[in-house]
Structures are given as structure tokens and as C-alpha cells.
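Visitor: Sharing a structure with you now.
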Amino acid sequence: DAGDVLRNSLLWMADSSTVRATIEKAPVSRSVVKRFVAGDAIDDAVSVTAELRQTNRMVTIDYLGEDTLDLALAERTRDTYLRLLAALSDRGLTEGGTAEVSVKLSAVGQSLPGDGERVALDNARAICEAARDAGTTVTLDMEDHTTTDSTLSVLAELRKDFPSTGAVLQAYLHRTEGDCRDLAYEGSRVRLCKGAYKEPESVAYQAKEDVDKSYVRCLKVLLAGAGYPMVASHDPRLLEIARALAAHNGRSHDSMEYQMLLGIRPGEQRRIADRGDTMRVYIPFGDEWYGYLMRRMAEKPANTMFFLRGLATK
Ligand code: FAD
2 DAGDVLRNSL LWMADSSTVR ATIEKAPVSR SVVKRFVAGD AIDDAVSVTA
52 ELRQTNRMVT IDYLGEDTLD LALAERTRDT YLRLLAALSD RGLTEGGTAE
102 VSVKLSAVGQ SLPGDGERVA LDNARAICEA ARDAGTTVTL DMEDHTTTDS
152 TLSVLAELRK DFPSTGAVLQ AYLHRTEGDC RDLAYEGSRV RLCKGAYKEP
202 ESVAYQAKED VDKSYVRCLK VLLAGAGYPM VASHDPRLLE IARALAAHNG
252 RSHDSMEYQM LLGIRPGEQR RIADRGDTMR VYIPFGDEWY GYLMRRMAEK
302 PANTMFFLRG LATK
């Protein structure tokens, strides 16, 4: 239907360098990007964190960037995470994992030809070390399906030294229910999301209802398991199901958490925190917002209209 056409076009735009160059040059007003992105600088991410703390929300911070084919850039990204963790720690925002960081391995070297996976592992290890020293932890974002095995193997390596390193699993992939079983062990932090990339039928469910059904099957595995599930969704139905399954499995408030993206359903974020559950907000910052925003546009026509109106009124 028309929704699918829009979604597929936007996901195609997320990957197109020509479209990217055009949109990045357009005079997008800061207010448009600002609803979903904290700002360009570390200080922006720190201030948004402090603001969300006032309503008892936890955060995970993502320095925007992906698919780096430049070793020096991968190292600069790593160093930005180290400075971010130091700045958060200085403000007392990392204690007990209040603020943690989310890292895309492709931003720290995974897609470099040859030894990309090793470069990404080394960079991620440095970030995990800094996070541990600051009293917090790291979650490895999950990217397109060609990277899943590599990301899970880097995760396994990191967990040897940093057992609290979190994983992300995407319900739209056929393989994910099995991955949930593998990762539902004691101490294992797993963020379950639907998945945000354009994936072929051979590996991923295409219809929303099939993705949702898979999400519920995965929730059942994770919530019945021994790990620490992180329910990442804005979908009211799935959030209700997660809550019911948590009660059914006798889960305490501190044995799992809910996660949403900055700027999406902020009222619901506060309600979840107010009822005593852990609510963590994913805060992206940095000037590489293009791919991130295009994926948000693809998810919801209302987001696209908000963005286009901003472009038009600038
Ligand atoms: P959708 O099917 O997009 O939306 C379902 C319903 O949610 C909508 O019908 C509506 O009721 C409500 N909703 C959605 N958006 C809005 C809005 N703007 N305003 C009001 N209501 C809204 N994806 C990855 O591939 N890899 C990752 O590592 C990853 N990390 C993530 C981390 C976090 C914390 C979160 C929240 C998401 C992450 N994602 C990641 C993105 C995820 O895969 C989805 O693309 C995204 O969350 C949208 O899916 P949804 O579950 O919210 O459901």
C-alpha cells in the first residue's frame, strides 16, 4: 500500500549518497532535527541527559555515524565516546548505569576491508573499559543483517572481560527467536527492537503483523529467561504485552527495562518511569544525523510530515 511505498522510498533514501548530499545541504532548521537529536556536541548530550534525569528517566547515548571506511574516523569516533563518558562521569551521571552508551560497530571500523572486525573489537574494548571505569556499561547497536554474526561474535569477545555489555536483537529477522534463546542467560542484557533497516524477504519478515508476532515470541523467551530484557518499542500493544508477560513471569521492576527514542512518545516515557519501571531514553547526538533521521521518517508518516514542514518553513 501507499505506506509501504513511502517506507521503502525513505529506506532507499537512507542509503543513497546523492539524496543524502542534497538533503544535508538543504537549510534544515535546527528545531526539526532537535526533536530527535540532542545536538552536535558532547555538551548537548550531557544537558539532555541531565534534563531527562529530572523526570527519573535513564539514558543511553549514541554518537551518530555509521559505515566508516576510514580508520582515522573510526578512532575519532572511539575518542568521542571516551570524552563523552568522562564528561558524564564528571557530572555524576554514570553511577549505577544511569547513563550508558550505545555503539554501532560500523562506526568504529567493522566495515573496513580486511581486519575491520578486529579494529571494531579493539575500539569497542576501549569504550567498554572507559564505561566500566565510569561505573556504567555499553550496548552494541545492531545494524543490517550482513553484520549480525560479526556483531554477535564481537559481543561474545567483549563479554569475556565486560560481562554487562548489552546486545540488540531485531524481531524482524527470522533468526532472532533463536538468538533470544541463546542470549537469555543470567546477566545477559538484551535490547529487543523491531529492526530499522530495509531487509530482503529471505532473512526478514516484511508485514508489520508478522514482525509484531515475532516480537511477542521473542518477548516470551526473554521475559521467561534468566537475562535482563530491555524492551525497546513505542508500540502500545507490544508494551502492554511486555508488561503482562513481566507480571506473569513474576519479574521485579529492576529485572528489566523499557527503552524509547528521544522525542518519541515522551508522555508515555514519563508514565512508565512514574509507575516505577526503569525507562531508558536513547539519545543520539553529533552532526551525522542523516541515516538516523531517514529511518525514523520511514517508521511513521507523522515524523516525515514534521520533518518536511520544517524544511518548507525554514
Ligand atoms: P512501530 O511499528 O514503528 O510503531 C508502532 C506504534 O508505536 C505506532 O503505531 C504508534 O502507535 C507508536 N509510535 C511510533 N512512533 C511514534 C511517534 N513518533 N509518535 C507517537 N507514536 C508513535 N533498530 C535497529 O535496527 N537496531 C538498533 O540497534 C536499534 N536500537 C534501538 C534502540 C531503542 C532504544 C529503540 C526504541 C529503538 C531502536 N531501534 C533499533 C529502532 C527499532 O528497530 C524500530 O525501528 C523503532 O523503535 C520503531 O519501532 P516501534 O517498535 O516503535 O514500532
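For the sequence shown, full-length UniProt numbering assigns the number 2 to the initial residue and increments by one for each residue that follows. Glycine included, each C-beta is placed from N, C-alpha and C at the ideal position.
Among 268, 75, 103 and 87, which has the Cα closest to the Cα of residue 112?
Guide: The shortest C-alpha separation from residue 112 is found at 75.
Visitor: Is residue 173 buried or exposed, if buried means 16 or more other CB atoms sit within 10 Å of its CB?
Guide: With 16 or more other Cβ atoms within 10 Å, it is buried.
Visitor: Write down the C-beta distance between residue 234 and residue 177 rounded to the nearest angstrom, noting that I regard them as a contact closer than 8 Å.
Guide: With 8 Å as the limit, residue 234 and residue 177 do not qualify as a contact, their Cβ atoms being about 14 Å apart.
Visitor: My understanding is that residue 50 touches residue 94, with C-beta atoms under 8 Å, so please give their C-beta distance in whole angstroms.
Guide: Between residue 94 and residue 50 the Cβ distance is about 5 Å, and since that is below 8 Å, they are a contact.
Visitor: Taking 6 Å as the cut-off, is the C-beta of residue 108 nearer than that to any heavy atom in the ligand FAD?
Guide: No.
Visitor: Residues in its own chain within less than 8 Å of residue 42 by CB, not counting five upstream and five downstream?
Guide: Answer for residue 42: 286, listed in chain order.
Visitor: My understanding is that residue 141 touches residue 156, with C-beta atoms under 8 Å, so please give their C-beta distance in whole angstroms.
Guide: Residue 141 to residue 156, Cβ: 6 Å. Contact.
Visitor: With distance defined between alpha-carbon atoms, name the residue in 81, 116, 118 and 110 nearest to residue 102.
Guide: When only C-alpha atoms are compared, the closest one is 81.
Visitor: Threshold first: 4 residues or longer. Then list the alpha helix (DSSP H) segments lying entirely within the segment 224-306, N to C.
Guide: Within the segment 224-306, the complete alpha helix (DSSP H) runs of at least 4 residues are 237-249, 267-275 and 291-300.
Visitor: What's the C-alpha gap between residue 182 and residue 231?
Guide: Roughly 15 Å between the two C-alpha positions.
Visitor: Could you spell out the range, first to last residue, of the beta strand (DSSP E) harbouring residue 168?
Guide: Residue 168 -> beta strand (DSSP E) spans 168-171.
Visitor: Compute the Euclidean distance between the alpha carbons of residue 255 and residue 279, then round it to the nearest angstrom.
Guide: Cα to Cα, residue 255 sits roughly 7 Å from residue 279.
Visitor: Buried or exposed: where does residue 161 fall if 16 or more other Cβ atoms within 10 Å of its Cβ makes it buried?
Guide: With fewer than 16 other Cβ atoms within 10 Å, it is exposed.
Visitor: Contact between the segment 209-226 and the segment 259-272: three or more CB pairs below 8 Å?
Guide: The answer is no - the segment 259-272 does not touch the segment 209-226, with fewer than three Cβ pairs under 8 Å.
Visitor: Tell me the rounded alpha-carbon separation between residue 282 and residue 138.
Guide: Using only the alpha carbons, I get a separation of about 15 Å.
Visitor: So the candidates are 240, 252 and 200; which of them puts its Cα closest to the Cα of residue 272?
Guide: With distances taken between Cα atoms, residue 272 lies closest to 240.
Visitor: In angstroms, rounded to a whole number, what distance separates the CA positions of residue 1 and residue 55?
Guide: Any question about residue 1 goes unanswered here, given that the chain covers just 2 to 315.
Visitor: Closer than 7 Å by C-beta to residue 53: which residues in its own chain qualify, once you throw out the five before and the five after it? Chain order, please.
Guide: So the qualifying residues of the chain are 60 and 282.
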